[in-house]
Amino acid sequence: MIDIKPSGAALGAEIRGIDLSQPLDEATFRAIEAALHEHEVVFFRRQHIAPQQHIAFSQRFGELEQHVRVDCCKPGFPEIFVVSNVIENGKPIGTQDAGLFWHSDLSYMAKPSRGSLFYAHEVPRDTQGNPLGDTMFVSTTAAWRGLPEPLQRQLAGRRAVNSYTKGYYRDRKSGARPSLTEKQKARTPDVEHPIMRTHPYNGRPCLFVNEGYTARIAGMGEEESAALLDQLFKHLARPEFIYRHQWQEGDFLIWDNCATQHCAIADYELPQRRRMERTTLCGTAPF
Ligand code: SIN
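Residues in the sequence shown are numbered consecutively from 28, following my numbering.
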């Protein structure tokens with residue numbers, strides 16, 4: 028019913044023939060949702076939508092998060108988190124350095140985000156006009172399947188500690204981020220999640236540790252935990268599990284935060300402008 032073109036990588040598909048500025052009937056919406064569960068990352072090219080439409084389409088999946096970094100939300104639209112290197116009136120219009128390492132959004136919360144909807148307004152380009160600032164996505168379902176069985180058995184039933192503080196301070200370029208406030212710290216205590224997480228919609232096992240926010244394996248000595256996490260992070264970065272998205276202005280891309288992780292590539296700088304806007308879906312407690 029909808030036209031889906033898989034990327035040919037372990038994950039990712041383009042959905043063609045849909046104009047997100049127009050009303051979508053329920054059957055079409057459900058087909059898009061099913062494609063997301065199947066392909067883990069889906070995207071639509073050449074979209075022209077207003078912030079209200081971005082929010083309204085996102086809300087068809089469920090409730091939206093309001094990011095802990097309120098300083099990076101779009102004025103008048105607290106549901107929209109701005110990812111951009113643009114400075115206006117001497118102030119950054121969003122987060123300048125988000126996601127420069129592998130992570131899934133809000134894995135540091137008790138209920139990590141279900142998925143994120145990312146709209147490319149401005150894409151930086153090199154002097155030949157080639158797009159810069161790609162985003163890489165890894166399939167955590169493919170990564171789990173790719174683990175040797177004895178390691179899968181060792182990990183099943185184990186939990187790992189996820190820490191917003193770890194990612195926050197690691198992420199920031201020098202001077203680009205204020206220190207966390209007491210209120211932000213209170214919203215983001217460390218949390219434990221299962222390392223083998225069951226996808227809440229299709230039951231697939233996912234490898235749910237990420238380089239950005241996973242600090243240690245619960246109940247394991249520091250050295251052993253660091254060595255095992257290092258092994259898992261290297262495994263998750265294997266090229267056969269990755270889809271790399273090259274952005275075009277007007278791309279609207281949805282990623283699943285259980286079945287994928289992502290990493291933004293910072294290979295551009297002003298005056299090359301990158302301006303992206305994200306809504307973030309609320310999720311459920313991992314099991
Ligand atoms: C993010 O992690 O939300 C940002 C990803 C990107 O900028 O490509």
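Where a beta carbon is used, it is the ideal one built from N, C-alpha and C, also for glycine.
Summarising the contact set, residues whose Cβ lies nearer than 5 Å to any heavy atom of the ligand SIN are, in chain order, Val110, Ala125, Gly126, Thr162 and Ala291. Residues Ala147, Val150 and Pro158 of the same chain have their beta carbon placed closer than 6 Å to that of Trp274, with the five preceding and five following residues left out of the count. For Trp171, the enclosing alpha helix (DSSP H) has its first and last residue at Thr167 to Arg172. In the three-state DSSP reduction, Tyr270 falls in the strand class (E or B). According to the DSSP assignment, Asp257 belongs to the alpha helix (DSSP H) that extends over Glu249 to Leu263.
The three-state secondary structure of His130, taken from DSSP, is strand. At least 7 Å separates the beta-carbon of Ala286 from that of Thr162.
Going by C-alpha positions, Thr215 is about 15 Å away from Cys309. For Cys99, the three-state secondary structure derived from DSSP is helix. At a Cβ-Cβ threshold of 7 Å, His130 and Gln288 count as neighbours. According to the DSSP assignment, Ile281 belongs to the beta strand (DSSP E) that extends over Phe279 to Asp283.
Counting only unbroken stretches of 4 or more residues, the alpha helix (DSSP H) elements lying wholly within the stretch 52-125 are 53-66 and 78-86, in sequence order. Fewer than three beta-carbon pairs drawn from the stretch 69-88 and the stretch 289-297 are found closer than 8 Å, and the two stretches are therefore not classed as touching.
Taking a 10 Å sphere around the C-beta of Phe70, we find 16 or more other C-beta atoms and assign the residue as buried. Contact between the stretch 111-126 and the stretch 74-81 is absent, with fewer than three C-beta pairs closer than 8 Å. Buried is the label assigned to Asn237, since at least 16 other Cβ atoms lie within 10 Å of its Cβ. Excluding five sequence positions before and after Ala170, the CB atoms of its chain that fall closer than 7 Å to its own CB belong to Leu234, His262, Leu263 and Phe268, given in chain order. Counting only the Cα atoms, Lys138 lies some 18 Å from Tyr195. Nearest C-alpha to Gly44 among Ala312, Ala242 and Gln74: Gln74. Per DSSP, reduced to three states, the secondary structure at Arg180 is helical.
Closest option to Met247, judged by alpha-carbon separation, among Met28, Arg185, Leu178 and Ser140: Arg185. Three or more Cβ pairs closer than 8 Å define a contact, and the stretch 239-258 falls short of that threshold against the stretch 98-105.
By the neighbour-count definition (other C-beta atoms within 10 Å, threshold 16), Gly35 is an exposed residue. Residue nearest to Leu63 within the set Arg302, Pro313 and Leu280 is Leu280 (criterion: CA-CA distance). Annotated as proximal: Glu304 and Val109, with beta-carbon spacing under 7 Å. If you check the CB distance, Ala187 and Thr225 do not come in under 7 Å. Straight through space, the alpha carbons of Ala213 and Thr192 are spaced by roughly 11 Å. Ranked by Cα distance from Ile31, the options Leu47, His66 and Gln211 are led by His66.
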